[in-house]
Amino acid sequence: MCHSFGEPNLNWNKKDKNMNTNTQYGIAVTGALGNLGWKLLCHLAQYGETSTLIGLDLQATTLEKLEHLKTISQNNPRLNEIDLLECDLANWDDSRWRDAINRVSTVVHLAAQNPYPDATWHDATVSLDMTHHICQAAKDSSTLSRVVFASSNHVMGRYKDKNLLAGELNTDLEVGIGTIWHTGHIKIDSTIYATSKFSGERICKVAGKIDDGQTSFVIIRIGWCQPGLNSPSTLSAAGIPTKISDQNDSELAYTTQWFQNMWLSNRDFLHLFDSAIKANSSNWPDACVTVNGMSNNTNMVWNLDSARSYLNYMPQDNVRDSSQISDE
152 MCHSFGEPNL NWNKKDKNMN TNTQYGIAVT GALGNLGWKL LCHLAQYGET STLIGLDLQA
212 TTLEKLEHLK TISQNNPRLN EIDLLECDLA NWDDSRWRDA INRVSTVVHL AAQNPYPDAT
272 WHDATVSLDM THHICQAAKD SSTLSRVVFA SSNHVMGRYK DKNLLAGELN TDLEVGIGTI
332 WHTGHIKIDS TIYATSKFSG ERICKVAGKI DDGQTSFVII RIGWCQPGLN SPSTLSAAGI
392 PTKISDQNDS ELAYTTQWFQ NMWLSNRDFL HLFDSAIKAN SSNWPDACVT VNGMSNNTNM
452 VWNLDSARSY LNYMPQDNVR DSSQISDE
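Remember, the numbering used here sits 151 above the position in the sequence shown when you count from 1.
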């Protein structure tokens, strides 16, 4: 049995199940206890096609969370082992996450010091260090072949006021770093947060080239996937779950629509990242591709052609049609 690091032992090995999958085929999810990380980790535990699943987070986990993963994974015959590891991705010398990387073939990098657009320069610096470390570890690893990097719509935020047509905002456009908007109470500028995300994108692109294609990278500019049920009814000009907007102010209508149109439902989020993990890179232009990550929202400016082409992403939900929405 493989043991996780620290106390209590939060490793669970289904030693009663006979597995014949490649032991090196595993998935690690960074930021595993955060909003997106936990959603994805639970999904992979229940439906994933991997034999090993590792969650990495700076925060210590709980026995309750491990028990939840054990329960929902009981009917997944492929999954043999789950680890939840407390570690510091910003510390290159932390062997806990370094060793974990060498046990998997895919890393989904969701971790950030502050995952919201009000990040400080300190937050952005730590987040960028983590991304750099993941990419360097990927280059050094003999097992890792795919990195999925969670970038952000805020890398293209300056296009908010450009009056683009539906589908015009594609990943070939020059970046527009940082969204600037007013919630009805305060002004928010996501430039610092977006700078860290764009810098992370560049690190992934360079890593793909210098690794000579041995490791492939998927950069996903995620729209807005809220914590919990992620209902369209709670999308607003706030743009951040911790902020509040005044929905009665008509001047906020455009900003509200901007954020609503980048909605990524829970179901589409899970499908998108599943697709990014599994995608065959043989038809990609190089070892690193960039895609937008939104649901199939009517008249949004975001273009999903790259995601459809490179990842076979087929979003099902539409922010304008609540009848299609899944609470998965």
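Even for Gly, the Cβ is constructed at its ideal location relative to N, Cα and C. Values in this document were obtained by computation on a predicted structure and should not be read as measured data.
Rounded to whole angstroms, His283 and Arg471 show a C-alpha spacing of 38 Å. Under the three-state reduction of DSSP output, Val258 falls in the strand class. In this structure, Leu320 is the residue among Leu320, Ser367, Gln377, Gln411 with its C-alpha nearest to the C-alpha of Leu455.
Here Ala301 is bridged, per DSSP, to Ile371. Contact between Tyr176 and Ser256 is confirmed by a C-beta separation of about 5 Å, below the 8 Å threshold. Spanning the alpha carbons of Leu316 and Val452 requires a straight line of approximately 6 Å. Taking a C-beta distance under 8 Å as the contact criterion, Ile339 and Asp269 qualify as a contact pair. By the neighbour-count criterion, in which a residue is buried when 16 or more other Cβ atoms sit within 10 angstroms of its Cβ, Arg418 is buried. In this structure, Lys356 places its C-beta atom within 8 Å of the C-beta atom of Cys439. At a Cβ-Cβ threshold of 8 Å, Ile252 and Ala288 count as neighbours.
Straight through space, the alpha carbons of Thr294 and Thr441 are spaced by roughly 23 Å. For Asn443, the enclosing beta strand (DSSP E) has its first and last residue at 439 to 444.
With fewer than three CB-CB distances shorter than 8 Å, the segment 381 to 389 does not count as touching the segment 299 to 314. The secondary-structure analysis by DSSP pairs Asp340 across a beta bridge with Ile331.
Pairing Thr407 with Asn448, the inter-Cα distance amounts to about 14 Å. Gln377 and Ile361 have their C-alpha atoms spaced approximately 35 Å apart. Within the same chain, Cβ atoms closer than 6 Å to the Cβ of Gly359 are found at Phe368, Ala438, Cys439, the five residues on either side in sequence being excluded. Scanning Gly327, Leu209, Leu423, Arg353 for the CA closest to the CA of Arg247 turns up Leu209. The beta-carbon separation of Leu230 and Lys216, rounded to 16 Å, does not stay under the 8 Å limit for a contact. Between His422 and Tyr464, the CB-CB gap stays under 8 Å. Residue range 272 to 291 is occupied by the alpha helix (DSSP H) that includes Val277. Arg254 is positioned such that its CB atom lies closer than 8 Å to that of Ile205. Here Trp414 really is in contact with Ser446; their C-beta atoms are around 6 Å apart, less than 8 Å. Here Ser433 is exposed. Its C-beta has fewer than 16 other C-beta atoms within 10 Å. In terms of Cα proximity to Leu191, the closest of Tyr405, Asp425, Glu352 is Asp425.
Contact annotation: Ser303 and Ala241 have beta-carbon atoms that are not nearer than 8 Å. Note that the C-beta distance between Asn469 and Ser457 is not below 8 Å. In its chain, beyond the 5 residues on either side, Ala438 have a beta carbon closer than 6 Å to the beta carbon of Gly364.
For Thr203, the enclosing beta strand (DSSP E) has its first and last residue at 203 to 208.
With distances taken between CA atoms, Asp323 lies nearest to Arg372 out of Lys348, Arg372, Ile285.
The C-beta distance from Cys286 to Ile354 rounds to 5 Å, short enough to meet the 8 Å contact threshold.
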